[in-house]
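Colleague:
Numbering (our numbering), first residue to last: 2 to 205.
(1) Between which residues of its own chain and residue 65 is the CB-CB distance below 8 Å, once the five residues before and five after are set aside?
(2) Could you tell me which of 130, 135, 131 sits nearest to residue 119, measuring between CA atoms?
(3) Tell me where the alpha helix (DSSP H) around residue 123 begins and ends.
(4) What residue ranges within the stretch 57 to 122 form continuous beta strand (DSSP E) runs of no fewer than 3 residues, ordered along the chain?
(5) Whose C-beta lies closer than 8 Å to the C-beta of residue 124 among residues of the same chain, with five residues either side of it excluded?
(6) Please classify residue 24 as buried or exposed, where buried requires at least 16 neighbouring CB atoms within 10 angstroms.
(7) With distances taken Cα to Cα, identify the nearest neighbour of residue 103 among 90, 70, 190.
(8) Along the chain, where does the beta strand (DSSP E) containing residue 48 start, and where does it finish?
(9) Measure the CB-CB distance between residue 58 and residue 105 and report whether it falls below 8 Å.
(10) Compare the beta carbon distance of residue 70 and residue 160 with 8 Å and say whether it is the shorter of the two.
(11) Going by the CB atoms, is the gap between residue 158 and residue 112 shorter than 8 Å?
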């Protein structure tokens, strides 16, 4: 067989091969399956018991008021932190105040965990209005900054509050009969994003 005929056979075989491959793209098996996917957002539900932290009257300088309340996570998502926002209103009965009564009310807030009780707030009510402390923050070690401990879904944590009408040692008659209304807002927040891995045993 001449070299030219051999080359022609190779070309023809190659052409047939290409034709077979090309033709194969038109014949295939197929199947389809539909998947039902659901994305449901979790819930963040912060409860408090009792609803009113403190209702006290007839206070005098030097008096202290101790209260306990519980922060409840009634949602499905873990709470990373609970920020406290403070607002107050003063009713100056006699209209003779030369000083803000809130500057004379000291507030101490303690957060209880399974291992320790941590002091979160130790300041006057006047200064607290300009702060938003995390009530679940704890010290990881001595001298560290406070890190959020949070409240897991379905769990609750105790908070202890001590109010003190500070006795300045001077005449505080200007505050007689005055009323102080404190509004506390507890702002629960989730943490960072979470990666949800494939845990379905039926998936491949």
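Where is the CB? At the ideal position from N, CA and C, for every residue including glycine.
Modeller: For this structure:
(1) Contacts found: 163, 164, 165, 166.
(2) Ranking the options by Cα distance to residue 119, first place goes to 135.
(3) Careful: residue 123 lies outside any alpha helix (DSSP H), inside the beta strand (DSSP E) at 118 to 125.
(4) Taken in chain order, the complete beta strand (DSSP E) segments of 3 or more residues contained in the stretch 57 to 122 are 65 to 74, 82 to 92, 106 to 113.
(5) Cβ within range, chain order: 107, 108, 132.
(6) Only weak support exists for where residue 24 lies, its pLDDT of 43 falling under 50; the coordinates are left without a value.
(7) Ranking the options by Cα distance to residue 103, first place goes to 90.
(8) Counting along the chain, residue 48 sits inside the beta strand (DSSP E) bounded by residues 47 to 50.
(9) Taking 8 Å as the cut-off, the beta carbon of residue 58 is found no closer than this to the beta carbon of residue 105.
(10) Closer than 8 Å, so yes.
(11) With respect to the 8 Å criterion, residue 112 and residue 158 are classified as neighbours on the basis of their beta carbons.
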